[in-house]
Amino acid sequence: MQRSIAVVATPDRSSDTPFDLVVLGAGSGGYACALRARQLGLTVALVEEDKIGGTCLHRGCIPTKALLHAAEVADHARHGADLGVRSTFEGIDTAALHARKDTVVGQLYKGVSGLVSQAGVEVVAGRGRLTGPGTVEVTAPDGATREVAGRHVVLATGSYARTLPGITLGPRVMTSDQAISIESIPERTIVLGGGVIGVEFASMLASFGSQVTVVEALDRLVPAEEPALSTQLQRAYRKRGSDVRTSVSVAGVTEHEDRVVVEIEGGDPLEAELLLVAVGRGPRTEGIGLEEVGVETDRGFVVTDERCATSVPGVLAVGDIVPGLQLAHRGFAQGIFAAEEIGGLQPQPVQDSQVPRVTYSDPEVASVGLTTEQATAAGVEVEQVTYPLGGNGRSVIRGTSGQVIVLRAKEGPVVGVHMIGLGVSELIAEAQVVVGWEAHPEDVAPLVHAHPTQGEALGEAAMLAAGRPLHAHA
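Numbering-wise, my numbering comes out as the position in the sequence shown, counting from 1, plus 117.
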């Protein structure tokens, strides 16, 4: 039977009656939790000190992808002649660039704020602090305090951009928070960190005309991905003229008026006009009362079970403050889960292995499920096939190279799909269904994919894994 998800009317609630749910933080996980809880008829207070939408909408996913789209257009202009189109790249108008980015953010912010208001969620503006299992003290911007009580509390305070000890942020040393608003494109940029954020900004700035050097302490870029994808991504960056240095440690950073100098252990120093520190994100949990109330943490992250429950009954946690993938859509899914858990629906827990991962660089990297390393650690014997995008008509037309890797348990279902190439972010939805439903390659191979599309590459990879390749060698 299909369950109705219509928003119910807001029930009358006296000022001294606790809310059914207090959500601390209005990012992807927080506002999703609030909206789903209202659909289930729960009274909800949503506490936020900044803007609804959180990091993803205002400083992360959306603004960076708006900039990356502009970078893609810049590359199209630069290489138009290769396609018979007379176009040239003359530079970046940063004022117009940021105006377009801000328009996108503003439109989406208006939309999500409207949804929250229409749903009857009570938004409490201010910084929240947990003062008991069911109470949150909110300090408003004017200094006034208010206690908000709830039968349940969901912690969803998100994350912040990390830096490294000894590195001080300044005009020429910044994190992604500041880099999304740079006033001019630097002639040279050093990107410290080769994870998702680092390689996305490196790709963007290279497209905008900056000479980029990526410095990564580990032995490869995007180290959480399949090694083959890392190798191909690194090769693509070098082909674009970017310098990639892996297994390199930074000894110190000195900022001057006109440049920044990065000291490399055992090597010559690097100089640039900008240093972007992209060494990951930390949980935003300091000062929100967790220790005082008894919520267990580990290095700042909130410890939960698979059902998002913390060590304190009635208090749940979702999103970037929970150990695991720090992705907006994972937080979004966990927020919905938490609301349904509180609403008594007994939902299925969100499994990180089934959460898709995308790096919006050029080329893109997209994956879902287990890597070979994870499969080995879990005792799963896997068989791997690789289908090159050079055999896919749409990819050839778009001028991209890359590959689709399918991992299947031996004589069993697909447990992982890993892809690299322009446009593969749009293939990950189908890959997620394949992995999530534990489909065998033999189940996927007969499916008909439109021609010519890049989706055919996933179908061809499945055919290859099923032992019946058509446009690939077995």
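Note that beta-carbon positions come from the ideal geometry of N, C-alpha and C, so glycine has one too.
Taking C-alpha positions only, G146 is separated from G287 by approximately 31 Å. Between the beta-carbon of V531 and that of A556 there is about 6 Å, and that keeps the pair under the 8 Å contact cut.
Taking the CA atoms as reference points, G144 sits about 23 Å from H186. Short of 6 Å from the beta carbon of Q549, and not among the five residues preceding or following it, lie these beta carbons of its own chain, in chain order: P473, V485.
Of the residues assessed, R447 falls on the buried side of the cut-off, its CB having 16 or more other CB atoms within 10 angstroms. Rounded to the nearest angstrom, the Cβ distance from L184 to I307 is 19 Å, too far for a contact under 8 Å.
Burial is judged here by how many other beta carbons sit within 10 angstroms of a residue's own beta carbon; T330 has at least 16 and is buried. Between the C-alpha atoms of G369 and L442 there is a straight-line separation of about 29 Å.
Beta-bridge partners assigned by DSSP to E500: R525. DSSP places Q295 in the uninterrupted alpha helix (DSSP H) bounded by 293-296. The beta strand (DSSP E) runs of length 3 or more contained entirely in the region 214-278 are, from start to end of the chain, 239-242, 244-249, 252-256, 262-272, 276-278.
A direct Cα-Cα distance of roughly 47 Å separates I514 from D422. The three-state secondary structure of R289, taken from DSSP, is coil. Under the DSSP assignment, D360 falls in the beta strand (DSSP E) whose first and last residues are 360-362. Ranked by Cα distance from P440, the options Q468, I453, G460 are led by Q468.
Counting only the Cα atoms, H193 lies some 9 Å from F206. For the pair A242 and A257, the Cα-to-Cα distance works out to about 6 Å.
Under the Cβ criterion (8 Å, minimum of three pairs), the region 339-359 counts as touching the region 307-321.
Nearest to L225 by alpha-carbon distance, out of D560, G170, I453, V551, is G170. Listed in chain order, the non-local C-beta contacts of E408 below 8 Å within the same chain comprise T414, local neighbours out to five positions each way being set aside. In the structure shown, G399 falls within a strand segment according to DSSP collapsed to helix, strand and coil. Judged by DSSP in its simplified three-state form, R305 adopts strand. With respect to V271, R263 sits apart: the two C-beta atoms are not nearer than 8 Å. The beta-carbon separation of S327 and I302, rounded to 6 Å, stays under the 8 Å limit for a contact.
Selection Q156, G461, G223 evaluated against K168 yields G223 as nearest (Cα-Cα).
When the five nearest sequence neighbours on each side are left out, the beta carbons in the same chain lying within less than 6 Å of the beta carbon of E239 are those of A162, in order along the chain. Under the 8 Å Cβ criterion, the region 193-204 does not count as touching the region 149-162, having fewer than three qualifying pairs.
For S276 and V432, the gap between their C-alpha atoms comes out near 19 Å. T427 is not a Cβ neighbour of V435, given a cutoff of 8 Å. With a minimum length of 3 residues, the unbroken runs of beta strand (DSSP E) contained wholly in the region 386-455 fall at 387-389, 391-394, 398-400, 432-434. Relative to E528, the option among P558, P505, K182 whose CA is nearest is P558. For P586, DSSP assigns no beta-bridge partner whatsoever.
Here H186 carries a helix assignment [DSSP, helix/strand/coil]. If you draw a 10 Å sphere on the C-beta of R585, you find fewer than 16 other C-beta atoms in it, and that means exposed. For the pair of segments examined, the region 508-526 was found to touch the region 572-587: the number of CB pairs separated by less than 8 Å reaches three. For R416, the closest of E490, V394, P400 by C-alpha to C-alpha distance is P400.
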